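J.: For the sequence shown, the positions run 1 to 365 when full-length UniProt numbering is used.
Here a beta-carbon is modelled for each residue, glycine too, at the ideal position from N, C-alpha and C.
Just so we're clear, the structure is a prediction, and the values are computed from it rather than from any experiment.
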Amino acid sequence: MDYRDYGTTGKKISVIGFGGMRYAEPRNIEAMAEITVAAAKLGINYFDTAPWYCDDKSEDILGTAVLEMKRQKLPHYISSKSGANTTDEFWKDLERSLRRLNVDAVDFYHCWGVNRPETFRTRNVNKVIEAFYTAKEQKLVRHIVASSHMSGQGIKDLMADGVFEGFTLGFCAINFPFRIEALHEAYQRQLGVVTMNPLGGGMIPDHPDRFGFIRTRLDQDIVEAAIHFILAHKEVTSALVGFRSVADVHAAVRAAESYVPIPETEISRIRTNIEGQFDELCTTCMYCDGCPQGIHVHRYMEAYNYYMLYGKDTDKFKDRMKWHWNDEDYAMLEKCTECGLCEEKCTQKLPIIDRLAHIREFLKK
Ligand code: SF4
Ligand code: SF4
1 MDYRDYGTTG
11 KKISVIGFGG
21 MRYAEPRNIE
31 AMAEITVAAA
41 KLGINYFDTA
51 PWYCDDKSED
61 ILGTAVLEMK
71 RQKLPHYISS
81 KSGANTTDEF
91 WKDLERSLRR
101 LNVDAVDFYH
111 CWGVNRPETF
121 RTRNVNKVIE
131 AFYTAKEQKL
141 VRHIVASSHM
151 SGQGIKDLMA
161 DGVFEGFTLG
171 FCAINFPFRI
181 EALHEAYQRQ
191 LGVVTMNPLG
201 GGMIPDHPDR
211 FGFIRTRLDQ
221 DIVEAAIHFI
231 LAHKEVTSAL
241 VGFRSVADVH
251 AAVRAAESYV
261 PIPETEISRI
271 RTNIEGQFDE
281 LCTTCMYCDG
291 CPQGIHVHRY
301 MEAYNYYMLY
311 GKDTDKFKDR
321 MKWHWNDEDY
331 AMLEKCTECG
341 LCEEKCTQKL
351 PIIDRLAHIR
361 EFLKK
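(1) When DSSP labels each residue in this structure, what does residue 174 get in the three-state scheme?
(2) Which one of 338, 218, 10, 6 has the shortest CA to CA distance from residue 16?
(3) Three-state secondary structure (DSSP) at residue 146?
(4) Unbroken alpha helix (DSSP H) runs of length 4 or more, entirely within the region 18-70: which are they?
(5) Do residue 135 and residue 114 have their CB atoms nearer than 7 Å?
(6) Expressed to the nearest angstrom, what Euclidean distance is found between the alpha-carbon atoms of residue 353 and residue 343?
(7) Would you identify the three-state DSSP class for residue 240, choosing helix, strand or coil?
(8) Just to confirm the assignment, what range does the beta strand (DSSP E) spanning residue 196 have?
(9) Can you check which of these residues, 219, 303, 120, is closest to residue 358 by C-alpha distance?
(10) Mind checking residue 1: buried by the 16 CB within 10 Å criterion, or exposed?
(11) Specify the secondary structure class of residue 272 as computed by DSSP and reduced to three states.
(12) Inspect the beta-carbon positions of residue 240 and residue 196 and report whether they are closer than 7 Å.
(13) With a threshold of 16 other CB atoms inside 10 Å of the CB of residue 306, please say whether the residue is buried or exposed.
(14) In chain order, what residues of the same chain have a beta carbon less than 6 Å from the beta carbon of residue 360, not counting five sequence neighbours either side?
(15) For the region 197-212 against the region 162-173, are there 3 or more C-beta pairs whose distance is under 8 Å?
(16) I need the straight-line Cα distance from residue 318 to residue 149, nearest angstrom please.
(17) Quick one: Cα of residue 227 to Cα of residue 262, how far?
(18) Take the Cβ of residue 156 as the centre, count every other Cβ of all protein chains shown within 10 Å, and call the residue buried at 16 or more, exposed below.
(19) Any chance the region 10-27 sits against the region 39-59, with 3 or more Cβ pairs inside 8 Å?
(20) Measuring straight from C-alpha to C-alpha, what distance separates residue 137 and residue 143?
(21) Taking the C-alpha atoms as reference points, what is the distance between residue 82 and residue 218?
(22) Note down, one range per segment and in chain order, each beta strand (DSSP E) of at least 3 residues found wholly within the region 88-172.
(23) Less than 6 Å between the CB of residue 285 and some heavy atom of ligand 1, yes or no?
(24) Just curious, the beta strand (DSSP E) that residue 2 is in, first and last residue?
(25) Near residue 183, what residues of its chain come up, given a Cβ to Cβ distance below 8 Å and the 5 sequence neighbours on each side ignored?
(26) First and last residue of the alpha helix (DSSP H) that includes residue 364?
(27) Looking only at its own chain, which residues have a Cβ that is under 6 Å from the Cβ of residue 91, when we skip the five neighbours before and after it?
(28) With DSSP as the reference, identify every bridge partner of residue 81, one or two as the case may be.
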């Protein structure tokens, strides 16, 4: 297992991180903790969780694993999150996480879901950010970090505030144009970057032929290729993988261990393919930004990828809007004047107006 510096924190993090959001049987705490400890034995030392993950059992599972990791002296760093908008909520969140996780301090405590600039402003005005610093002074939190689904530019702006020592963000072979700017900025500022969702929400392994171009070697399987693509970015400290079994852990560790630096020409080829071959898919490049009606076109188009790739399944679209974009404000769709500005700017030349109309239609059903 390779380890990379998490920014300037002095901590070296395994290039594969344990994502505690996909435990298969969350109520079976002991069994799930065993999977977690197995990962630590294989060299994974970064464990990410949050309240509410896995029926709100993820922190309990990790806390059970932490006791065993301490007993076996297995190195581990714990990451959890608070999406509090008030200081009262913040302290309740932190107290509960410390108790469940069986730790004196959370190593990487996330200001969770800073998905809009207003979210950060509200938490700042409400003194939640101050509370993060107080918790750090009290040695209850070791590093203040954030998670966000904003665009690369949005996250870049957040970095300029200088509050956070690192970021957790979604980054994979499909959506890289959407976030690449944030990665470059993080590298310049020497911030840690932990990526979520390396397999594009399962979209990459579910469509191995379509995404075959991300392979850089003949013997690579598609999951390995997706992980290698992320590790090829020096800006990334660790790629979180959600594990459901010990076999999943072994597969990801094997992928990390078989990684050899990918030449820049290969990375460029993959990037070109992503834009070139996704002739009918949105790459979340955000060039369509700036709709006069305030419609977040890229969100609908990205979620529409799921509709198309999963056999015209409208639930896939709705799930993506709800869980990834936290956006179910479908009334916005009615505001489209069909001005065509977004279509003119779209790098993929997608029929955005028709797709928006189609979305309106199936949402009414
Ligand atoms: S066509 Fe509709 S979504 Fe596109 S820019 Fe115009 S109003 Fe916005
Ligand atoms: S709709 Fe077109 S321009 Fe907008 S994010 Fe998707 S690919 Fe890019």
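T.: So, from the data block:
(1) It is coil, neither helix nor strand.
(2) Selected option, being the one with the closest Cα: 6.
(3) In the three-state DSSP reduction, residue 146 falls in the strand class (E or B).
(4) For the region 18-70, whole alpha helix (DSSP H) runs of length 4 or above, ordered along the chain, are 29-41, 53-56.
(5) At least 7 Å separates the beta-carbon of residue 135 from that of residue 114.
(6) The C-alpha of residue 353 lies about 8 Å from the C-alpha of residue 343.
(7) In this structure, residue 240 counts as strand in the three-state DSSP scheme.
(8) 192-196 is the extent of the beta strand (DSSP E) around residue 196.
(9) The shortest C-alpha separation from residue 358 is found at 303.
(10) By the neighbour-count rule (16 or more Cβ atoms within 10 Å), residue 1 is not buried but exposed.
(11) In the structure shown, residue 272 adopts helical secondary structure according to DSSP, grouped into three states.
(12) Yes, Cβ-Cβ distance for residue 240 and residue 196 is below 7 Å.
(13) Residue 306 is buried by the Cβ-count criterion.
(14) Excluding residues up to 5 positions away in sequence, 333 lie with their Cβ nearer than 6 Å to the Cβ of residue 360 in the same chain.
(15) Result yes; three or more Cβ-Cβ pairs closer than 8 Å.
(16) Those two C-alpha atoms are separated by around 17 Å.
(17) If I take the Cα positions, the gap works out to 12 Å.
(18) Answer is buried; the Cβ neighbour count reaches 16.
(19) Under the 8 Å Cβ criterion, the region 10-27 counts as touching the region 39-59, having at least three qualifying pairs.
(20) Going by the C-alpha atoms only, they are around 10 Å apart.
(21) Here the alpha carbon of residue 82 sits roughly 43 Å from the alpha carbon of residue 218.
(22) List check, beta strand (DSSP E) in window: 106-111, 141-148, 166-170.
(23) Result no, Cβ not under 6 Å from ligand 1.
(24) That residue, residue 2, is in no beta strand (DSSP E); it is neither H nor E in DSSP.
(25) Correct list, in chain order: 152, 171, 193, 233, 235, 236.
(26) In this chain, the alpha helix (DSSP H) harbouring residue 364 covers 352-364.
(27) The beta carbon of residue 91 sits closer than 6 Å to none of the beta carbons in its chain outside the five residues before and after it.
(28) 110.
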